[in-house]
Structures are given as structure tokens and as C-alpha cells.
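Trainee: Provided herewith is a single structure, encoded as C-alpha cells, for subsequent inquiry.
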Amino acid sequence: MAGEKMGGLQSDGEEYSVIGDEADVVHIDYQDDPSVLDVDVSNEGPVVISCPFPTVEGKPRSIVAGETAVDVITVTNTTDDPIDLWAVKIYTSTPSESFALSLTEPPSDKSDEATLSFFFETMSLEDRVLQGGQTIQIWLSCKPKDIGLHTCIIHFDAGNKMIERVVVLLADDKLSQLLAPSRPYNRGPRRRAAFNTDKFVRGVPVPEKRGTQGSKRGVRGSKYGLPEFPIPEEVKRLVENKQLPDILFQQLSSENYVTFFTTLLNIEELHIK
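Now the structure itself:
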């Protein structure tokens, strides 16, 4: 998921691994592995860290492009002894610098200048000590400028363990969110028409025409026949001589509309024959 450059440091005879500043996000495959986003925090150790921006039905949460989305991360020391929280940093984000950390809740865009001037956000937080049973809050904010996926990987260096949190958000414009369905498409079962088979109505047989053969008795005929539309002899003569009627060379108008297309149909019928 993320390519890391590791280095070694020694302190008091112990060796620690240090993650370099460069990050290379290969791919966050949250569809095939949902645990990348929805982590089981109960198996990570004495420091429990919540998952920011949890998924909705296994899919990334949708946010509005141009507006700041905020969620809080809780970091809890579940033991009675103090634990060092060496560092909290945004290891990488895509697009770059689209996520930020803060120890106070980010003010809204409508806040006054004094409130905005006292607010501080950063890509990494300084080390601190988590006392036994203590919980601290860290705010993670995302400021999408354009629509599309926004990803972030956060590293928590707590005690002798590094814990990772992955965030994937989908930035849409307001119109796309308004047009989005409230629930996924579900094609219901096709219901067959229910017929009452308890009662039967005796049908009336079709009257037979005089002179029909016995093999055609079961064939249903139409009560009303279409009138015949004979092709004019003049049109036949012109077509046989490989000529076209004069009507086809006239400009189409409301007066000759019927005659024009009737002549075309006559010619087409003659070609079929």
C-alpha cells in the first residue's frame, strides 16, 4: 500500500526503526480488503485509536468539493501506566496537502478573523505522554478542491509500535449529491399476472367461410379486410420504361405531399414485385 524508507537509530542500547520522509502510495485496495479502512482496533495493543471518516456500507464517505470535512480521532491509553506518543503525522495524502491535523476543532468558514488567527493546523504533531486511562482528541480535516477520490495515510508512533490509519473520501459537487439515489437499485421479483382458473368461459368458434378447405378451419381470419390500393397504370408504364413520374421532380409542399409519397410507395412496391 505504501512504500517506506526505513532507517535505524539506537538509543540506550535499543534500536528503533525510523520511517523516512518520502512516501509512495501504490494502491489502496479497500474494495477487496475492507479491513484497510474498517480496522479492528481491539487487537492493536494498549493504545486504541479510532478510525476517522468510517465507511458507509463499505464505501468511502462522500464529501462536498470546496468545503472542509472534519472528523475527530480519539487516542486512548487503556493501561494504568504512561505511554509515549512519539509522533502523529500524515505520512502521505493524495492530492498533496489535502489533509491536515489539529488539536482543536477547525473553525467554520463563517468564523471571525480572531478565531481563524488562533487556529493552527499541521501535517505532524509533537510528541506527548499519554497518562494511564487518558484519551486525547485529534481533528483530521480534508479540504477537497476538486471532485474525485482523496486518500490519506496517518501514522501513530505509540510506545514501541507504529499504528496506521487509512482514509478514503469521495469528493462530489452539490449537484451530484442531490441527484444520488437514497438507496441502491434493487430490481424486485417479476410478478406474473394472477388469473382466476376456477371459472371457465366457453369461447365462440370463428365462423367458417364457404368454400374453405378443411385444413384451414382452425385459421382465424379478420372480420374487416383492408381495401385495395391499385397502382396507377401511368406509374407502372413509367417504371417499366425506367422513367420517373413528374411529381417526384416537384418541390414538396402541403398540396402535393400525399401524391408525392404515394408515388414513392407505388414505385417501391413495383421494385419488390
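3 is the number of the first residue of the sequence shown in our numbering; add one for each residue after it.
Glycine included, each C-beta is placed from N, C-alpha and C at the ideal position.
Values in this document were obtained by computation on a predicted structure and should not be read as measured data.
1) Between the C-alpha atoms of residue 170 and residue 63, what's the straight-line distance to the nearest angstrom?
2) So residue 75 and residue 161 are supposed to be a Cβ contact under 8 angstroms. How far apart are they, rounded?
3) How is residue 92 classed by DSSP in three states: helix, strand or coil?
4) On the CB-based measure, 16 or more other CB atoms within 10 Å of its CB, does residue 159 come out buried or exposed?
5) Pairing CB atoms from the region 87-104 with CB atoms from the region 124-138, are three or more of them under 8 angstroms?
6) Pull the bridge partners of residue 71 from the DSSP assignment, please.
7) Assuming residue 143 and residue 96 are in contact, meaning their beta carbons sit under 8 angstroms apart, how far apart are those beta carbons, in whole angstroms?
8) Sort 66, 101 and 57 by Cα distance to residue 178 and report the nearest one.
9) For residue 254 and residue 246, which I take to be in contact (beta-carbon distance under 8 angstroms), what is that distance rounded to the nearest angstrom?
10) When the Cα atoms are used, what is the spatial distance from residue 46 to residue 52?
11) Please name the residue in 83, 111 and 172 whose C-alpha comes closest to that of residue 151.
12) Give the single residue among 237, 41, 120 and 43 whose Cα lies nearest to the Cα of residue 266.
13) Secondary structure at residue 277, three-state DSSP: helix, strand or coil?
14) Please look up how many angstroms separate the CB atoms of residue 79 and residue 132, rounded, as I've assumed it's under 8 angstroms.
Mentor: If we stick to the structure as given:
1) Counting from one through the sequence shown, the residue named residue 170 turns up at place 168. Counting from one through the sequence shown, the residue named residue 63 turns up at place 61. Between residue 170 and residue 63, the C-alpha separation is close to 8 angstroms.
2) Counting from one through the sequence shown, the residue named residue 75 turns up at place 73. Counting from one through the sequence shown, the residue named residue 161 turns up at place 159. Wrong, their Cβ atoms sit about 17 angstroms apart, outside the cutoff.
3) Position 90 of the sequence shown, counting from 1, holds the residue named residue 92. Note: residue 92 maps to strand in three-state DSSP.
4) The sequence position of residue 159 within the sequence shown is 157, counting from 1. The residue is buried, with at least 16 neighbouring Cβ atoms inside 10 Å.
5) The answer is yes - the region 124-138 touches the region 87-104, with three or more Cβ pairs under 8 angstroms.
6) Within the sequence shown, the letter at position 69 stands for residue 71. Answer is 144.
7) By one-based count along the sequence shown, residue 143 stands at place 141. By one-based count along the sequence shown, residue 96 stands at place 94. Incorrect: roughly 16 angstroms between the Cβ atoms, too far for contact.
8) The residue labelled residue 178 in the question sits at position 176 within the sequence shown. Per the Cα distances, 66.
9) In the sequence shown, the residue the question calls residue 254 occupies position 252. In the sequence shown, the residue the question calls residue 246 occupies position 244. Actually they are not in contact, since the Cβ atoms of residue 254 and residue 246 sit about 15 angstroms apart, beyond 8 angstroms.
10) Counting from 1 along the sequence shown, the entry for residue 46 is found at position 44. Counting from 1 along the sequence shown, the entry for residue 52 is found at position 50. Roughly 11 angstroms separates the two Cα atoms.
11) Sequence index remark: in the sequence shown, residue 151 carries index 149 (1-based). The option with the nearest alpha carbon to residue 151 is 172.
12) Here residue 266 is taken as the residue at index 264 of the sequence shown, counted from 1. Ranking 237, 41, 120 and 43 by Cα distance to residue 266 puts 237 first.
13) Lying before the first or after the last residue shown, residue 277 is absent from the chain, which here runs from 3 to 275.
14) Stepping through the sequence shown from its first residue, residue 79 is reached at position 77. Stepping through the sequence shown from its first residue, residue 132 is reached at position 130. Contact holds; Cβ gap of about 4 angstroms.
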